[in-house]
Every structure is written in structure tokens, then in C-alpha cells.
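**Student:** Every letter in the sequence shown is one number past the one before it in the working numbering, and letter 28, counting from 1, is 34.
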Amino acid sequence: MLYIGVDLGTSSVKLVLMDETGKIHGTVTKEYQLYFPQPGWSEQKPEDWYAQAIEGLKELLKDADKSQVAGISFGGQMHGLVILDENDNVIRPAILWNDGRTQKQVDYLNNEIGKDKLSEYTANIAFAGFTAPKILWVKENEPENFKNIKKIMLPKDYLAYKLSGTFCTDYSDASGMLLLDVKNRKWSEEMCKLCDITTDMLPKLYESYEKVGTLVPSVATELGLSENVVIAAGAGDNAAAAVGTGTVGNNKCNISLGTSGTIFMSSDSFAVDSNNALHSFDHADGHFHLMGCMLSAASCNKWWNDGILQTKDYAAEQAAIEKLGENHVFFLPYLMGERSPWNNPNARATFTGITMDTTRADMTQAVLEGVAFAVRDMYEVAKSIGVKPERSMICGGGAKSPLWRKMIANILNIEVDVPTCEEGPGMGGAMLAMVACGAYKSVEDAAAAIVKVDKTEKPDPELVAKYEARYQQFKNIYPALADTFNKII
Numbered sequence: 007m008l009y010i011g012v013d014l015g016t017s018s019v020k021l022v023l024m025d026e027t028g029k030i031h032g033t034v035t036k037e038y039q040l041y042f043p044q045p046g047w048s049e050q051k052p053e054d055w056y057a058q059a060i061e062g063l064k065e066l067l068k069d070a071d072k073s074q075v076a077g078i079s080f081g082g083q084m085h086g087l088v089i090l091d092e093n094d095n096v097i098r099p100a101i102l103w104n105d106g107r108t109q110k111q112v113d114y115l116n117n118e119i120g121k122d123k124l125s126e127y128t129a130n131i132a133f134a135g136f137t138a139p140k141i142l143w144v145k146e147n148e149p150e151n152f153k154n155i156k157k158i159m160l161p162k163d164y165l166a167y168k169l170s171g172t173f174c175t176d177y178s179d180a181s182g183m184l185l186l187d188v189k190n191r192k193w194s195e196e197m198c199k200l201c202d203i204t205t206d207m208l209p210k211l212y213e214s215y216e217k218v219g220t221l222v223p224s225v226a227t228e229l230g231l232s233e234n235v236v237i238a239a240g241a242g243d244n245a246a247a248a249v250g251t252g253t254v255g256n257n258k259c260n261i262s263l264g265t266s267g268t269i270f271m272s273s274d275s276f277a278v279d280s281n282n283a284l285h286s287f288d289h290a291d292g293h294f295h296l297m298g299c300m301l302s303a304a305s306c307n308k309w310w311n312d313g314i315l316q317t318k319d320y321a322a323e324q325a326a327i328e329k330l331g332e333n334h335v336f337f338l339p340y341l342m343g344e345r346s347p348w349n350n351p352n353a354r355a356t357f358t359g360i361t362m363d364t365t366r367a368d369m370t371q372a373v374l375e376g377v378a379f380a381v382r383d384m385y386e387v388a389k390s391i392g393v394k395p396e397r398s399m400i401c402g403g404g405a406k407s408p409l410w411r412k413m414i415a416n417i418l419n420i421e422v423d424v425p426t427c428e429e430g431p432g433m434g435g436a437m438l439a440m441v442a443c444g445a446y447k448s449v450e451d452a453a454a455a456i457v458k459v460d461k462t463e464k465p466d467p468e469l470v471a472k473y474e475a476r477y478q479q480f481k482n483i484y485p486a487l488a489d490t491f492n493k494i495i
């Protein structure tokens, strides 16, 4: 049988066609427009997502045996606010995860309601990207739109609704709304009251691997598929990507070195750190996860090479790096401010320790190490509350660098595995569809059967010791500069 994973991203929708062995039978990408109506605003039209998803599905299935398609599921950009009226019309363009208009509402939630209360209600604190502050923004700035809200949903859930007719979401994606009681897996009545909404405006909650319905007849006819094709709830993009790398079950880890960087740690038990430095969310496998997100990861390397050194030959720049663990130059990778663990939009990137004998290679090395040290910062928070994976998958563009993988392995002192296949949230979505259709009994079973390791980077004890000394120096730099960052912005 065949299964479709739909990765609804910020710039495009990517579709993956897989069978239950993990073999990829096709991929398609369709782009859509991103709108910036004011500085700091970021919006998209949900209708564009659906139109391009349908076109992508048609192209994906053009040469496939459509009778073999059993299920469809999703991995989607998180936190976006999609609102529908009583006739199921989209009221306004979706306000996306990277939209920054809600700082006033975030300050109100964190400072007036209080971080302790928010953490009690949802296990998290407010961030500008989260959904609840967006609802408050609409209430304050677009009262007529707010009055017309009948349904509130997340981006991928709009697709699920259009395909199945079911008003649904999953626990992993709902965790990023600041409306979910993450520990108890239910909507928070307190947060709904704070946002002046009712729980019947919110979707029914499902596990990511649960069937929410089947294809509505009109869509089945348009695609040439059976009306019995199962639609599964799917997951937020990070949770879906974690499924695709086998980061499910207790004490598993995945590090992603994309434009931004994440460390994602799955756990059978609920955990939250006292400072809410990491997000504490429900996971697509039915359990929990901790996630740290740094806003600039591989983008730091791109900025340094493309913008400063004026070169595209990243490998040549890294080839000159010889003395690992001995660099006296440090780099804070906060080019876009920082989320985890500092939650400070005013944080900035800096080089520290430059002397007359500092070389170009030293600077390049510092950029790579700075990102790895920042990942270590997030890992240390998880360790402080008892979550301590001893190995990690690694993915994203930065993971293609053997040197960077080596740095990660030795700076965190863990084994780092590279998967044989990396198809991101789309692959995870297809695997969730398999579970919903009964091809596997659980997400863990699907991951064990499908996800394979291509190569492993093991830490070297001598290098680990050198990097431990360097990290102890690095971790003092941001606290020493935090007040300065806030004063010079």
C-alpha cells in the first residue's frame, strides 16, 4: 500500500509518497506566496495552501497506482492562526509562526497574567510566535473579525478539514498554541477565558496517528482516489520530522541544523524546566517531548561564508580548521536574537577573544563551534530535569558537514547518527498515516522498521575534555553581555 505525507511549510508544501517499507515512490513541491503587509508581519492565505496541496497531490499521483493509496497525514508549520466564520469561510489571512506583531500581548500574558500561571495552565510561557497572543491581537485590533470567529485552527488542520470534513487537531501541534494543558492533554479552560474564546471554537483533539476521517467524496473524485482513503491527524512540523528520524519513545534525541536549529528530546514522562527555557510539548508518539529552538544555526555559517568571506566554498573554509578544542575565539550565534534558552529578542551575535594572531580559519571554526555550544546550552537544561539522551540523530543542511557533526558529538559528548533518508516532516506524516491505517501498531514500531542509520560520529575522550573546558568559558559570555544587549538595541 501507499501513504502520503504532506509537509505544509512556510514557503511551500512538500508531498512524499511512501510504502510501508520506507521506500520513496515520489516527491513533489509546490510553492505559495508569503505576505508582509507591515514590517514584522508575516501572513499567508489558507486557500493557497489548499490549492497548491491539491495540485501537488495530482502531480504526485500522476503515475502511481491510485488504488493502492491507503492514507494521508500531515506535518505542518506550527503556531499559525487560522480563523473561520459560521460559513467556514476564512476570515482573514493566517498569522504565521514568524510574525512579530504580538509583543504587547506577549508582555501582557507573561508579565500581568504571569509566567508561573501560564506554565501551570499550559507548561509553557508566551512567545510572539504562539497562537494565543495572536488571538488577543485580533480581539484588540480587529474586533469585527474577532466577533465572527466560529472555528480556530492551525495551518495543517485547515488541510485536514478540507480533505476530511473533520474539525480536528493533534496534541503535538496544539501544544504550541498556549491553549493546551500539555500535561493532561486537554484544552485549558483558564487560557480560553483569558483569550475570550470558548472550547467549542477549538478543534477536537486527536493523537497524531489517529484516524480523523476519510476523504470527502468531492475531493476523492477530483484526485481519482477512493473515498475510503484514511486521513490521520498528523503533527506539528518538528514532531513530524522527529518521527521521520526515529526520535520516538523514551530518551531519544534529534538535532536539526537548518536555518534555525532545534534539539528535540522525546520522553515517556512529562517534564518542564523551572525557567521554561525549553518548550514542553506533547509528542506525536502519544507521549511527551522537550524542544529547544535557536533562531540562527546553519544560517550563521551561511552569513559568515556568503556575506562576510564572500565565498560559496564552505568545504574549503572548513578544510583549513585543524586544532579542534583549542580555539581561543568564541562566537555567540544570536544573529536574530535568541529563543532557547534565553528568550531574548535583543541578544546579538558577537566574536570574543580575537587577538593579533587570530586567523580566518579560527573565525570560521568559532562560528561552527558557537552554534554547537548553543545546542549544548539547551541540552544542559534538559539534563537538569533528568532528560539525558546519550546519542542523537542529526539532520538539516548543516548536518552535511562532517566537521560540524564531529564538533556536535564532542561538545555534547554523545554519539551522533546520520539517517539514511531525510525527507523531513513529510516522511513523518506518511509514517503517521501508516499507523492510522494499521500497517504498524505504533509510531515506535513504524520508526524501528523504517528509519535506518547511515553513519555515526562517536566522541573522542581527549577532544571531549578539551571542549568541556571551552564550553565552561563559552557559557559565561552571554550572561556577562545580556544587560549590554538590552541597552544597545
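Idealized CB from N, CA, C, for every residue including glycine. Predicted, not measured: the structure shown is a model, and the values here were computed from it.
What residue range does the beta strand (DSSP E) around CYS174 cover?
**Tutor:** Here residue 174 corresponds to residue number 168 of the sequence shown, with the count starting at 1. Run containing CYS174: 174 to 176, per the beta strand (DSSP E) assignment.
**Student:** Alpha helix (DSSP H) containing TYR164: first to last residue?
**Tutor:** As a position in the sequence shown, residue 164 is number 158, starting the count at 1. Residues 161 to 170.
**Student:** Can you name, in chain order, every residue of its own chain whose Cβ lies under 6 Å from the Cβ of VAL222, other than the five neighbours on each side?
**Tutor:** Residue mapping note: residue 222 aligns to position 216 of the sequence shown, counting from 1. So the list reads GLY171, once near-sequence residues are dropped.
**Student:** What ranges does the alpha helix (DSSP H) occupy inside the stretch 390 to 436, keeping only unbroken runs of at least 4 residues that lie completely in it?
**Tutor:** Scanning the stretch 390 to 436 for uninterrupted alpha helix (DSSP H) segments of 4 residues or longer gives 408 to 418, listed from N- to C-terminal end.
**Student:** What span of residues does the alpha helix (DSSP H) with PHE491 cover, start to end?
**Tutor:** The residue given as residue 491 occupies position 485 in the sequence shown. PHE491 -> alpha helix (DSSP H) spans 483 to 494.
**Student:** Would the stretch 148 to 163 count as touching the stretch 111 to 125 if we require 3 or more Cβ pairs under 8 Å?
**Tutor:** no
**Student:** Identify the residues that DSSP records as bridge partners of MET300: which are they?
**Tutor:** Within the sequence shown, numbered from 1, the residue matching residue 300 stands at position 294. According to DSSP, which records beta bridges pairwise, MET300 is partnered with GLY267.
**Student:** According to DSSP, what are the bridge partners of THR462?
**Tutor:** As a working mapping, residue 462 is identified with position 456 in the sequence shown. Partner(s): ASP423.
**Student:** Tell me the rounded alpha-carbon separation between TYR114 and TYR320.
**Tutor:** The residue labelled residue 114 in the question sits at position 108 within the sequence shown. The residue labelled residue 320 in the question sits at position 314 within the sequence shown. If I take the Cα positions, the gap works out to 44 Å.
**Student:** Quick check: the Cα distance between GLU126 and ASP179, rounded to an integer number of angstroms?
**Tutor:** Translated into positions along the sequence shown, residue 126 becomes position 120. Translated into positions along the sequence shown, residue 179 becomes position 173. Cα to Cα, GLU126 sits roughly 19 Å from ASP179.
**Student:** DSSP state of GLN478, grouped into three classes?
**Tutor:** Within the sequence shown, residue 478 is the residue found at index 472, counting from 1. Helix.
**Student:** Going by CA-CA distance only, name the one from MET159, ASN307 and TYR340 that's closest to GLY402.
**Tutor:** In the sequence shown, the residue the question calls residue 402 occupies position 396. Here the closest residue by C-alpha is ASN307.
**Student:** Provide the residue(s) that pair with GLU344 in DSSP beta bridges, ordered along the chain.
**Tutor:** Taking the first residue of the sequence shown as 1, we reach residue 344 at position 338. In the DSSP output, where bridge partners are listed per residue, GLU344 has ASN350.
**Student:** Do ALA76 and MET24 have their CB atoms nearer than 8 Å?
**Tutor:** Residue 76 sits at position 70 when you count from the first residue of the sequence shown. Residue 24 sits at position 18 when you count from the first residue of the sequence shown. Cβ atoms of ALA76 and MET24: not closer than 8 Å.
**Student:** Count the C-beta pairs between the stretch 438 to 457 and the stretch 229 to 244 that are closer than 8 Å, then say yes if the count reaches three, no if not.
**Tutor:** yes
**Student:** I need the straight-line Cα distance from ILE155 to LYS145, nearest angstrom please.
**Tutor:** Start at 1 with the first residue of the sequence shown, and residue 155 comes out as number 149. Start at 1 with the first residue of the sequence shown, and residue 145 comes out as number 139. Roughly 10 Å between the two C-alpha positions.
**Student:** Can you name the residues that DSSP bridges to LEU21?
**Tutor:** On the sequence shown, residue 21 is found 15 positions in, with the first residue counted as 1. Beta-bridge pairing links LEU21 to VAL12 and VAL34.
**Student:** Do LYS493 and GLY331 have their C-beta atoms within less than 8 Å of each other?
**Tutor:** Position 487 of the sequence shown holds residue 493. Position 325 of the sequence shown holds residue 331. No, Cβ-Cβ distance for LYS493 and GLY331 is not below 8 Å.
**Student:** Using CA atoms only, rank isn't needed, just tell me which of TYR177, LYS162, GLY250 and ASN234 is closest to VAL19.
**Tutor:** The residue given as residue 19 occupies position 13 in the sequence shown. Checking every option, the nearest Cα to that of VAL19 belongs to LYS162.
**Student:** Check whether the stretch 295 to 304 and the stretch 342 to 361 are in contact - that is, three or more C-beta pairs closer than 8 Å.
**Tutor:** yes
**Student:** Taking 6 Å as the limit between beta carbons, can you name the residues of its chain near THR462, skipping five residues before and five after?
**Tutor:** Position 456 of the sequence shown, counting from 1, holds the residue named residue 462. Excluding positions up to five away in sequence, the list reads GLU421 and ASP423.
**Student:** Who are VAL96's beta bridge partners in DSSP?
**Tutor:** Mapped onto the sequence shown, residue 96 falls at position 90. Beta-bridge pairing links VAL96 to LEU90.
**Student:** Which stretch, first to last residue, makes up the alpha helix (DSSP H) that contains SER79?
**Tutor:** Within the sequence shown, the letter at position 73 stands for residue 79. Segment 75 to 82 is the beta strand (DSSP E) holding SER79; no alpha helix (DSSP H) there.
**Student:** How close, in whole Å, do the beta carbons of GLU49 and SER17 come, if the pair is a contact with beta carbons under 8 Å?
**Tutor:** For this step, residue 49 is matched to residue 43 along the sequence shown. For this step, residue 17 is matched to residue 11 along the sequence shown. 13 Å between Cβ atoms; not a contact.
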